[in-house]
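The opening residue of the sequence shown carries number 2 in this note's numbering; numbering runs sequentially from there. Structure, as structure tokens:
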Amino acid sequence: PRSVEAVPPTPTPTPCPSTAVARLISDSNDLIGGEMSRGQLGDYYLANGKIQVVIQRPMRNLLSVGQFGGQIIDADLVRGPSDPERDSFEEWAMGINLENTAHYTSVSVVNDGCNGQPAVIRATGVDDLLDFINPSSQVEDFGFPFPAAFDDADLPVEITTDYSLAPDDDYVEVESTIK
Numbered sequence: 002p003r004s005v006e007a008v009p010p011t012p013t014p015t016p017c018p019s020t021a022v023a024r025l026i027s028d029s030n031d032l033i034g035g036e037m038s039r040g041q042l043g044d045y046y047l048a049n050g051k052i053q054v055v056i057q058r059p060m061r062n063l064l065s066v067g068q069f070g071g072q073i074i075d076a077d078l079v080r081g082p083s084d085p086e087r088d089s090f091e092e093w094a095m096g097i098n099l100e101n102t103a104h105y106t107s108v109s110v111v112n113d114g115c116n117g118q119p120a121v122i123r124a125t126g127v128d129d130l131l132d133f134i135n136p137s138s139q140v141e142d143f144g145f146p147f148p149a150a151f152d153d154a155d156l157p158v159e160i161t162t163d164y165s166l167a168p169d170d171d172y173v174e175v176e177s178t179i180k
């Protein structure tokens, strides 16, 4: 009889050694649970060992203040298996001028975090009317004049917003550029 030496199984390589990740959500395990959770497959996941957020893919969403996607819509701490997730973050929207917001038309992963640097997701788009709040109509409905300079006029700008999360940070850095 021949003796066969037992060889331990080769561990499955991890696709990314970093503790900060950015990726397109293609697995429901990346969705954050909780009462306010609205993330869906096709949105974007940004997380490290401390926090996790979902950035909505570009879409028209008339029921919310961030009506064009490209915004953080879910957020929570990273919790253990026996501690249920508790997303209670509704969302935010970038305000430009008084009645305008970013109409993000593209969201992409700039850095997935595998290189040990911050994981980064970028949303790009143009200026558009913030339908959720339209101050000029509200002010005029009360009988007051509204300065024409503040009334909605699509601005010829490009908006880029980077959502960045470093491996050890407990916050997402948000940097927006309007050109």
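Here a beta-carbon is modelled for each residue, glycine too, at the ideal position from N, C-alpha and C.
Check whether residue i and residue j have beta carbons under 9 Å apart
| i | j | result |
| --- | --- | --- |
| residue 1 | residue 165 | Nothing can be reported for residue 1: it is not among the residues displayed for the chain, which extend from 2 to 180. |
| residue 72 | residue 57 | yes |
Cα-Cα separation, residue i to residue j
| i | j | result |
| --- | --- | --- |
| residue 78 | residue 145 | 45 Å |
| residue 180 | residue 44 | 26 Å |
| residue 130 | residue 81 | 41 Å |
| residue 20 | residue 38 | 23 Å |
| residue 123 | residue 162 | 6 Å |
| residue 32 | residue 154 | 36 Å |
| residue 13 | residue 24 | Confidence is the limiting factor: at residue 13 the pLDDT is only 47, short of 50, which leaves the residue's position unreliable, though a coordinate-based value still follows. Each residue's alpha carbon lies about 20 Å from the other. |
| residue 70 | residue 60 | 5 Å |
| residue 111 | residue 42 | 19 Å |
| residue 104 | residue 68 | 8 Å |
| residue 157 | residue 91 | 29 Å |
| residue 84 | residue 116 | 30 Å |
| residue 29 | residue 140 | 44 Å |
| residue 188 | residue 113 | An answer regarding residue 188 cannot be provided, because it is not within the stretch 2 to 180 covered by the chain. |
| residue 102 | residue 148 | 19 Å |
| residue 11 | residue 49 | The predicted position of residue 11 is uncertain, since its pLDDT is 46 and thus under 50; a value taken from the coordinates is nonetheless stated next. So the alpha carbons of these two residues sit roughly 26 Å apart. |
| residue 173 | residue 93 | 13 Å |
| residue 169 | residue 98 | 35 Å |
| residue 135 | residue 108 | 26 Å |
Counted within 10 angstroms of its Cβ, other Cβ atoms place residue i as buried (16 or more) or exposed
| i | result |
| --- | --- |
| residue 55 | buried |
| residue 88 | buried |
| residue 22 | buried |
| residue 119 | buried |
| residue 150 | exposed |
| residue 5 | Unreliable positioning characterises residue 5 in this predicted model, as indicated by a pLDDT of 49, which lies under 50. A coordinate reading is not provided. |
| residue 46 | buried |
| residue 96 | exposed |
| residue 178 | exposed |
| residue 167 | buried |
| residue 100 | buried |
Whole-Å CB distance - residue i paired with residue j, under 8 Å assumed
| i | j | result |
| --- | --- | --- |
| residue 127 | residue 106 | 7 Å |
| residue 26 | residue 40 | 7 Å |
| residue 51 | residue 171 | 5 Å |
| residue 160 | residue 125 | 7 Å |
Residue i beta carbon near the ligand FAD (any heavy atom closer than 8 Å)
| i | result |
| --- | --- |
| residue 119 | Summarising the ligand content, the structure contains no ligands, and the ligand FAD is consequently not present. |
*Starting from the N-terminal side, write out each stretch of the alpha helix (DSSP H) that is 4 residues or longer and does not extend beyond the segment 39 to 77.*
none
*Could you tell me which uninterrupted alpha helix (DSSP H) segments, each at least 4 residues in length, are contained entirely in the segment 85 to 171, listed from first to last along the chain?*
136 to 142
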